[in-house]
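S.K.:
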Amino acid sequence: MSYVKAGESVVLLHGLARTDRSFSKMETALVDAGYDVVNFGYPSRSNDIETLAEEVIPKALSQVKAGNQIHFVTHSMGGILIRQYLGKKPIENLGRVVMLGPPNKGSQVVDKLQDVPGFELINGPAGMQLGTGEMSVPSQLGPANFEVGIVAGTRSINLILSTMLPSPDDGKVSVENTKLEGMADHIEVPVAHPFLMTNQRVIDQVIRFLETGKFDKEE
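Given below as structure tokens:
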């Protein structure tokens, strides 16, 4: 039986080239845990990260019940959007943030494939900004100025992309590059990048962090 956590909302932000459907299982679990959930879909390949953050975050926040504490759970580039936004503006009533597989230091996959014909067409302007160079967006964002826990995957279903990444990795981002200065906690799970949102172990860890500010390292 579900119950309601009075005054607590969770905003879900999917990653690049995904949709809100990728967070359906997480959404159900969070609702069952008592949270009011906003699973916000957005056209991730339509614009650059700066523009997406300015457009997406306010629209998502407008769907949160007035006065509620606001948590975020993000996948991949969704974590960069919230970092970009919070680097410019505070969010009133901000609670905790959980990032799943975020390229917080960029991804070497982008470094190596960005000049390949069709890469920008597939990944859009935002995808081109997720490398590891000094001019990439993740490299220009500062330390976390909010309470954030990070979940990093250590399995890959894309062995070709994994050859471009320092090990361990999740097929898109290395574990090391998920880390962020100022993070409250970090945990590694044996899950590939595309499945971090739907893995039950990850979902349990997300709820644990939202409730306590720490992951269950003994789980």
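For the sequence shown, our numbering puts the final residue at 1420, and the numbers step up evenly by one. Every residue, glycine too, gets a C-beta built ideally from N, C-alpha and C.
(1) From the DSSP output, in three-state form, read off R1297 for me.
(2) To the nearest angstrom, how far is it from the Cα of S1203 to the Cα of L1231?
(3) On the criterion of 16 or more Cβ atoms from any shown chain inside 10 Å, does D1370 qualify as buried, or is it exposed?
(4) Using the three-state DSSP reduction, which class does L1322 fall into: helix, strand or coil?
(5) Helix, strand or coil for N1221? Go by DSSP, reduced to three states.
(6) Classify F1416 as helix, strand or coil using the three-state DSSP reduction.
(7) Below 6 Å CB to CB, which residues in the same chain sit around R1284 once its five sequence neighbours on both sides are set aside?
(8) Taking the alpha-carbon of P1395 as reference, which of K1380, S1263 and A1218 has the nearest alpha-carbon?
(9) Select from D1221, S1223 and G1235 the residue whose C-alpha is nearest the C-alpha of S1210.
(10) What are the boundary residues of the alpha helix (DSSP H) that E1251 is part of?
(11) Use the C-beta contact count for G1307: other C-beta atoms within 10 angstroms, 16 or more gives buried, fewer gives exposed.
(12) Smallest Cα separation from G1354: which of A1345, G1242, P1344 and L1366?
(13) Measure from the alpha carbon of V1274 to the alpha carbon of each residue in T1379, L1360, V1349 and S1363, then state which is nearest.
(14) Can you tell me whether I1452 is buried or exposed? The criterion is at least 16 other CB atoms within 10 Å of its CB, across all chains shown.
(15) Using CA atoms only, rank isn't needed, just tell me which of F1347, A1327 and A1345 is closest to V1338.
(16) Hey, out of K1418, D1417, E1419 and I1408, whose CA is closest to R1297's CA?
(17) If I'm right that L1381 touches N1294 with Cβ under 8 Å, what's the distance once you round it to whole angstroms?
(18) Suppose the cutoff is 6 Å on Cβ atoms and the five residues either side in sequence are ignored; what does the same chain contact list for P1344 look like?
(19) Excluding five sequence neighbours on each side, which residues of the same chain lie with their C-beta closer than 7 Å to the C-beta of F1410?
M.R.: Short version:
(1) strand
(2) With a pLDDT of 41 at S1203, under the threshold of 50, the modelled position of that residue is not reliable, and the figure given next carries that caveat. C-alpha separation (whole angstroms): 9 Å.
(3) buried
(4) helix
(5) Here residue 1221 is Asp; the residue named in the question, Asn, does not match the sequence. If DSSP states are grouped into helix, strand and coil, D1221 belongs with the helices.
(6) coil
(7) Its chain contains L1342 as the residues whose beta carbon lies nearer than 6 Å to that of R1284, once the 5 sequence neighbours on both sides are disregarded; these appear in chain order.
(8) A1218
(9) G1235
(10) I1250 to L1262
(11) buried
(12) L1366
(13) V1349
(14) Because the chain spans 1202 through 1420 in this model, residue 1452 falls outside it and cannot be assessed.
(15) By alpha-carbon distance to V1338, the top candidate from F1347, A1327 and A1345 is A1327.
(16) I1408
(17) That pair is no contact at about 22 Å.
(18) E1382 and G1383
(19) R1297, V1299, G1350, D1386 and F1416
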